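Anchor point for the sequence shown: position 137 equals 137 in the UniProt record's numbering, and the numbering is continuous, going up by one each time. Read the structure below first, then the notes.
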Amino acid sequence: MSAKHSIKTKVQHKGGSVLIFLSSPHVHRTLAVGRAIGHAAPDGAVISFRGDIGAGKTTLAKGIAEGLGIAEPVISPTYTIISEYYGRLHLVHIDAYRLSGEDEFLQTGGEELLGAPGTLSLIEWSERIADILPPESQRITITVEANGDRLMMIEGDWIEKIDWKRFAIRREVIQ
């Protein structure tokens, strides 16, 4: 694997959680990161996504679904608000973009799914419902760099345990 296809990383410890910075140059690398996260995700986990339109939140969600063994195509639930898929865990994919805030989300009944046993909850545009997310949620912020690479900042407590090599992700340290 050339450096062009590797994932550049930087790890920092912040209190009880870990910050991992990943720079991904290609969509298939972002999918691979998602597969690794999906494979490692514990029962009841909640992952909140932040990033501009087109940053790669849904692409990462597709990879996470693959890591859970879900073969069904994953699409952004922008208009349905909540989509559900079944694999190793029940994947609850939420898109809060069109919601006016927490009250509207509560009306969907989605709060009952967050952190429920046997589930993995992914929330795109999580900043719109941030006050009702479980405090133990993992946080992923995706930004697009000037060269088009995706920079993912992942913060959480179980994320450091991911076996990146298993998913053909060579880690290069970001200086």
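The C-beta atom is built at its ideal place from N, Cα and C for all residues, glycine as well. Computed from a predicted structure; not experimentally measured.
Next item on the list: Determine the DSSP secondary structure at SER76, reduced to helix, strand or coil.
Entry: coil
Notebook entry, point to check: Can you tell me whether DSSP reads GLY51 as helix, strand or coil?
Noted result: strand
Next item on the list: Kindly identify the DSSP beta-bridge partner or partners of ASP95.
Entry: GLU124
Check: Are the beta-carbon atoms belonging to VAL18 and SER121 less than 8 Å from one another?
Finding: no
Item checked: Minimum C-alpha distance to ALA68 - residue among GLY115, SER24, ALA41 and TYR79 -> With the sequence shown as reference, residue 68 is identified as Leu, and Ala is not the correct amino acid for it. The shortest Cα separation from LEU68 among GLY115, SER24, ALA41 and TYR79 belongs to ALA41.
Notebook entry, point to check: Between ILE132 and GLU102, is the Cβ-Cβ spacing less than 8 Å?
Noted result: yes
Next item on the list: Please say whether ILE94 and ILE75 have beta carbons closer to each other than 8 Å?
Entry: no
Next item on the list: Could you give the DSSP three-state label for GLY16: helix, strand or coil?
Entry: coil
Note to self: Cutting at 6 Å between CB atoms, please list the residues of its own chain near ALA55, excluding the five before and the five after it.
What the structure shows: ILE142 and VAL144
Item checked: Close-in-space but distant-in-sequence residues of the same chain around VAL27 (CB under 7 Å, 5 per side omitted) -> THR59
Next item on the list: Tell me whether the beta-carbon of TRP164 lies closer than 8 Å to the beta-carbon of ALA65.
Entry: no
Note to self: Rounded to whole angstroms, what is the Cα-Cα separation between GLU127 and ARG50?
What the structure shows: 7 Å
Next item on the list: Count the other C-beta atoms from every protein chain shown that fall within 10 angstroms of the C-beta of GLU72, then say buried if there are 16 or more, exposed otherwise.
Entry: exposed
Check: Can you give the beta carbon distance from LEU91 to ILE70, rounded, assuming they're within the 8 Å contact cut?
Finding: 6 Å
Notebook entry, point to check: Under a three-way DSSP split, which group does LEU151 fall into?
Noted result: strand
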